[in-house]
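Protein chains in written order, with my numbering: chain A, 104 to 297; chain B, 104 to 297; chain C, 104 to 297; chain D, 104 to 297. Notes follow once the structure below has been shown.
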């Protein structure tokens, strides 16, 4: 069972999600700089979600790069991940239009919490499919980022009801954690060559 | 005639259909949890259609995996299948906005009935193109799921006019039937190797 | 210069054009069968444009299948073709909403006339790029369909101002001409093998 | 680390950006030729942005064609480029609806200035990843187009506040500069073969 179509399909869905999100940035009717001001929170929520989706695409790319085998359950785990990511444009638009109000901020975290869980399930199924002592297993290692992120989301969701901006900051922190280059997979690949 | 572009094009269309469906989940104007309540039926119809499209993508992936040859009529049978699937966002939005009312529920079933027939035609043409005793022919076998699904749709459509929720349950049943792992193609591939 | 990315990009654009066209089929607000009636012309124009785009995808697929080399001008000729095809959702929506009125029907033909010319340019550049006595040159042959179609469009455009339905019928005729299986390229491939 | 998925993902995003831009061309409600008149500036801004995106796709295609290695930072530099390109439909719609007024024209230039900078960063990272004396380094050479374009954008942005049409002309000039065939990469490839 080849992984090419899985990669192509996931790339397609993530590419469309990213581009569809931009449709929430509605073209204003005036022509002055002032007409852009109300768009600023929508723009900021777009930037944050763009970075998140970029991280997912990047990690997905790296994870599948060291995989050989793809099984039926992996296909469904992947569709499950894409389901939660497909809701990102909705929560991004909602959080942006309401200037990061309580409920939208909590729902934003919830969708990313579910996506993180779905990613973890996909990762476990892929590790199982590769057999013992696979490249992927060694590359994932202790996976502290994968464990810390859902914990931070789980904190951010209830916090959103009290101090939405604190919860927003937690989302930014999670993104920053992932933006720090992660050389695990590249390192394992180099080791495997030598 | 290579099958790669057929797969890539189908992946693209299905990926876009899935993502465009989410546009029916319109961002609400309020910021409270209550503003999400009217979206619940739209969300449920999105989930159901997402699962259906996932099943189609999965089956399409498996079916083409065991094919070698693709003919001119196969290209058109594939476009015919994608035509009916392209109407899914429309019927999903309609059924969701009208809380699974009679006519929308019947049309929902009709579009999936036509997609099931289109899939069957594509499958027959692919089997014919592979020549006698092909892997695909053995993998498809008696195809009880492929025969039961259109029968259930054909029942669900008239039933929708009387008890829309019964017809909706039938759509859920069809989805569940397909979600049960189907190891036919994977089994045939293993047998072919040994 | 590989042709893979050219194919992938064209597949992507055509897949999105087809799917975006369906957004013109706006979900009606009522739940009765009657609310679908005003959508019938929009639906019919969607079917016609879908068939046209299917023909373009199919022909594009066949044409590039027998090509080895792709040059810089070919990339631009392909973008030129995709430009005219990208206007199809616009003219399809316009012609559908106005029940095939005069001006929309003429513009519909104009966009397809320009697409046909763009396709012809792309074909000439591809033939030139393959060198003398290429498979593609032999496959294209006299290209009577490629010559008849623009002629029919050129007739249909002025006719649209007098009898829009005649011009619509001409568009249907062009589609039917192309739907008749065209075995030129498959035949040349078989000949080349023997 | 393969470059295929990077290419496929970029193709997907650019294909969707191009096609989504056309959604700003809203289907008019009347059926006469006159109803198209207000769409002319929107159409012209669409044509200009289409040409720009075509240039980006073309250059991206050529640049990656001579690359072997892709690194983690390259993936992010590519996402950064796609981020600015994803804002093109927004500025295209704004500039078109406001008939190339001052602020929208300046913002249009700003987005393309940022895209040009992002492209330059991506190019530098790719050159660094290929090692010394790579094909790409020789192909890029003095890169006068890559240096002139941001300079012209930097002039066009303040000019937009005084004479928007001058700044628009500068954008057209930049597009024309890139449309002139650039045989650097093709030449280097030929040299490398001999």
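No residue lacks a Cβ here, since even glycine has one placed at the ideal position from N, Cα and C. Small disclaimer: the values here were computed from a predicted structure and weren't measured.
Using three-state DSSP, classify residue 197 (chain A) as helix, strand or coil. DSSP places residue 197 (chain A) in the helix class (H, G or I) of the three-state scheme.
First and last residue of the uninterrupted alpha helix (DSSP H) at residue 143 (chain C): Looking at the DSSP string, the run of the alpha helix (DSSP H) that includes residue 143 (chain C) is 143-168.
What three-state label does DSSP hand residue 191 (chain D) in the structure shown? DSSP places residue 191 (chain D) in helix when its eight states are reduced to three.
Hey, residue 199 (chain A) and residue 145 (chain A) are a contact pair by Cβ (cut 8 Å); roughly how many whole angstroms apart? The C-beta separation of residue 199 (chain A) from residue 145 (chain A) comes to about 4 Å, placing the pair in contact by the 8 Å criterion.
Just how far apart, CA to CA, sit residue 113 (chain C) and residue 254 (chain C)? Between the alpha carbons of residue 113 (chain C) and residue 254 (chain C) lies a gap of roughly 26 Å.
So, at 7 Å on beta carbons, what are the nonlocal neighbours of residue 192 (chain B) in its own chain, with the 5 sequence-adjacent residues on each side left out? Hits under 7 Å: 120, 123, 124, 127.
Interfacial residues, the stretch 150-162 of chain B to chain A, with Cβ spacing under 7 Å: Cβ contacts with chain A come from 153, 157, 160, 161.
Could you check the C-alpha separation between residue 156 (chain B) and residue 265 (chain D) for me, to the nearest Å? Cα to Cα, the separation comes out at about 52 Å.
Where residue 227 (chain C) falls, given that 16 or more other Cβ within 10 Å makes a residue buried: Exposure of residue 227 (chain C) is indicated by the presence of fewer than 16 other C-beta atoms within 10 angstroms of its C-beta.
Within its chain, find whatever has a CB closer than 7 Å to the CB of residue 170 (chain D); leave out the 5 residues flanking it on each side and keep chain order. The residues are 106, 229, 233, 239.
So the candidates are C:111, C:268, C:166, C:139; which of them puts its Cα closest to the Cα of residue 291 (chain C)? Looking at the Cα atoms, C:166 is the closest of the given residues.
When the cut-off is 8 Å and only beta carbons count, does residue 171 (chain B) lie next to chain C? Interface criterion not met: the Cβ of residue 171 (chain B) is under 8 Å from no Cβ in chain C.
Span of the alpha helix (DSSP H), counted from its first residue to its last, around residue 120 (chain D): From DSSP, the alpha helix (DSSP H) with residue 120 (chain D) extends over 107-124.
Continuous alpha helix (DSSP H) stretch holding residue 283 (chain C): start and end: Element bounds for residue 283 (chain C): n/a, residue is neither H nor E.
Just mark residue 260 (chain D) as buried or exposed, buried being the case when its beta carbon has 16 or more other beta carbons within 10 Å. Buried: at least 16 other Cβ atoms inside 10 Å.
Does residue 109 (chain C) pass the burial test, meaning 16 or more other C-beta atoms within 10 Å, or should it be called exposed? Looking at its Cβ environment, which holds 16 or more other Cβ atoms inside 10 Å, residue 109 (chain C) is buried.
Residue 135 (chain D), buried or exposed, once every other Cβ within 10 Å from all chains shown has been counted against 16: Residue environment for residue 135 (chain D): exposed (fewer than 16 other C-beta atoms within 10 angstroms of its C-beta).
Are the C-beta atoms of residue 123 (chain A) and some chain B residue less than 8 Å apart? Yes, residue 123 (chain A) lies at the interface with chain B (some Cβ there is under 8 Å from its Cβ).
State buried or exposed for residue 160 (chain C), treating a residue as buried only when at least 16 other CB atoms are found within 10 Å of its CB. Residue 160 (chain C) counts as buried, since at least 16 other C-beta atoms from the protein chains shown sit within 10 angstroms of its C-beta.
Could you tell me whether any Cβ in chain D is nearer than 8 Å to the Cβ of residue 183 (chain A)? No, residue 183 (chain A) lies away from the interface with chain D (no Cβ there is under 8 Å from its Cβ).
Tell me, please, whether the CB atom of residue 207 (chain B) is closer than 8 Å to any CB atom in chain C? The beta carbon of residue 207 (chain B) falls within 8 Å of a beta carbon belonging to chain C, placing the residue at that interface.
May I have a chain-ordered list of the alpha helix (DSSP H) segments no shorter than 4 residues that lie completely inside the stretch 190-273 of chain A? List check, alpha helix (DSSP H) in window: 191-200, 205-233, 238-243, 247-265.
Starting from residue 212 (chain B), find everything on chain C with Cβ-Cβ shorter than 9 Å and list it in chain order. Contact of residue 212 (chain B) with chain C by beta-carbon distance below 9 Å is absent, the smallest such distance being about 14 Å.
Compare the C-alpha of residue 277 (chain A) against each of A:293, A:257, A:295 and name the closest. Distances from the alpha-carbon of residue 277 (chain A) to those of A:293, A:257, A:295 put A:257 closest.
Select from C:242, C:142, C:158, C:179 the residue whose C-alpha is nearest the C-alpha of residue 215 (chain C). Checked all of C:242, C:142, C:158, C:179; the closest Cα to residue 215 (chain C) is C:158.
Inter-residue Cα distance where the pair is residue 235 (chain C) and residue 237 (chain A): Distance from the CA of residue 235 (chain C) to the CA of residue 237 (chain A), rounded to the nearest whole angstrom, comes to 51 Å.
Once you ignore the five residues that flank residue 275 (chain C) on each side, which residues in its own chain have a CB closer than 8 Å to its CB? For residue 275 (chain C), same chain residues with a beta-carbon under 8 Å away, outside a window of 5 residues either side, are 151 in chain order.
Using only alpha-carbon positions, find the residue among A:175, A:222, A:153, A:139 that is nearest to residue 281 (chain B). Nearest C-alpha to residue 281 (chain B): A:175.
Hey, residue 196 (chain B) and residue 270 (chain B) are a contact pair by Cβ (cut 8 Å); roughly how many whole angstroms apart? About 18 Å; that fails the 8 Å criterion.
So with CB distances below 7 Å, who are the chain D contacts of residue 114 (chain A)? 108, 111, 112, 115, listed in chain order.
Using a cut-off of 7 Å between C-beta atoms, extract the partners of residue 186 (chain C) located in chain D. Close to residue 186 (chain C), with beta-carbon spacing below 7 Å, are these residues of chain D in chain order: 153.
Does any CB atom of chain D fall closer than 8 Å to the CB of residue 200 (chain A)? Interface criterion not met: the Cβ of residue 200 (chain A) is under 8 Å from no Cβ in chain D.
Per-residue DSSP class, three states only, for residue 133 (chain A): The DSSP-derived three-state label of residue 133 (chain A) is coil.
Could you check whether the Cβ of residue 261 (chain D) sits closer than 8 Å to any Cβ belonging to chain A? At a cut-off of 8 Å, the C-beta of residue 261 (chain D) has no neighbouring C-beta in chain A.
From residue 164 (chain A) to residue 178 (chain D), what does the alpha carbon distance come to, in whole angstroms? The straight-line gap separating the alpha-carbon atoms of residue 164 (chain A) and residue 178 (chain D) is approximately 10 Å.
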